[in-house]
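Enquirer: This is the structure, below, for whatever I ask next.
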Amino acid sequence: MKKINNDGLLLCQIQATTFENSIDKMESSSEIFIRRFMKSEIAKKLDNESVLESNIQANDILQLVDEEYGTTNYGSVKYAHEEMYWIGYLYRYFAITYDITSGQAYKIVKPKELRSLYLPYHTMDPAQSIERILEAKGMMLDEETELERQYEIFKRIRNK
């Protein structure tokens with residue numbers, strides 16, 4: 136697992152705000168928006184961090200997603216603003232720290248699952264939330280990370 140830097144945190148905030156703004160600005164359901172976004176060209180620019188070379192804002196990103204896929208009013212279930220912010224933040228944090236694409240993160244954990252985990256996980260550190268999600272799926276993506284995690288648990292227990 137990779138450490139996140141200031142640029143990564145900025146990308147997380149941009150994506151989180153984009154997801155949150157989608158509630159009011161997009162006609163489709165939250166799940167349709169998330170699927171489109173995570174497979175979009177702009178998501179690829181967030182993946183490779185090239186979006187940081189521009190002055191793009193969250194609402195600009197929404198417009199780019201609409202331009203790529205066309206507007207739609209498919210679906211009716213809209214998530215809460217806080218849920219969407221957290222889901223957007225978590226997806227980007229996951230992609231950055233595990234060095235995977237948005238599409239790969241989307242394949243590993245779907246929006247409906249993240250929404251169901253919002254209440255128990257939203258107050259945790261994003262790294263810990265992702266770790267627990269992967270652990271529940273039996274998918275520790277990195278053996279070294281798993282060993283470090285176990286060692287940290289051992290140290291905490293020993294120091295009590």
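Under my numbering, residues 136 to 295 are what the sequence shown spells out, in order. In this text, a Cβ means the ideal position worked out from N, Cα and C, and glycines have one as well. Bear in mind that the values here come from a model prediction, so they are computed numbers and not experimental data.
Under 8 Å by Cβ, that's how I've got Met161 and Leu199 pegged, so tell me the actual separation to the nearest angstrom.
Expert: Not really, about 12 Å apart at Cβ, beyond 8 Å.
Enquirer: Just curious, the alpha helix (DSSP H) that Met173 is in, first and last residue?
Expert: Met173 -> alpha helix (DSSP H) spans 165-173.
Enquirer: Taking Cβ positions, are Ser264 and Leu254 nearer each other than 9 Å?
Expert: For Ser264 and Leu254, no; Cβs fall outside 9 Å.
Enquirer: Give the DSSP-derived three-state secondary structure of Ala230 in the structure shown.
Expert: Helix at Ala230.
Enquirer: So does the segment 211-220 actually touch the segment 170-180, counting three or more Cβ pairs closer than 8 Å?
Expert: No, the segment 211-220 is not in contact with the segment 170-180.
Enquirer: With a threshold of 16 other CB atoms inside 10 Å of the CB of Ile292, please say whether the residue is buried or exposed.
Expert: Ile292 comes out exposed.
Enquirer: Roughly how many angstroms lie between the CA atoms of Val244 and Ser163, to the nearest whole one?
Expert: If you take the alpha carbons of Val244 and Ser163, they lie about 20 Å apart.
Enquirer: Determine the closest residue to Leu146 out of Phe168, Asn183, Arg170, Ser157, with distance taken between C-alpha atoms.
Expert: Checking every option, the nearest Cα to that of Leu146 belongs to Asn183.
Enquirer: Since Gly273 is in the alpha helix (DSSP H), which residue starts that stretch and which ends it?
Expert: Counting along the chain, Gly273 falls outside any alpha helix (DSSP H), and DSSP gives it neither H nor E.
Enquirer: Ile288: buried (16+ other C-beta within 10 angstroms of its C-beta) or exposed?
Expert: By the neighbour-count rule (16 or more Cβ atoms within 10 Å), Ile288 is not buried but exposed.
Enquirer: Express the C-alpha separation of Pro261 and Ile231 in angstroms, rounding to a whole number.
Expert: Roughly 12 Å between the two C-alpha positions.
Enquirer: Tell me which same chain residues have a C-beta within less than 6 Å of the C-beta of Thr152, skipping the five on either side of it?
Expert: Contacts found: Ala193.
Enquirer: Quick one: residues in its chain with C-beta nearer than 8 Å to the C-beta of Ile167, no 5 flanking neighbours on either side, listed in chain order?
Expert: Correct list, in chain order: Thr207, Tyr209, Gly210.
Enquirer: Please report the straight-line C-alpha distance between Ala240 and Trp221, rounded to a whole angstrom.
Expert: If you take the alpha carbons of Ala240 and Trp221, they lie about 15 Å apart.
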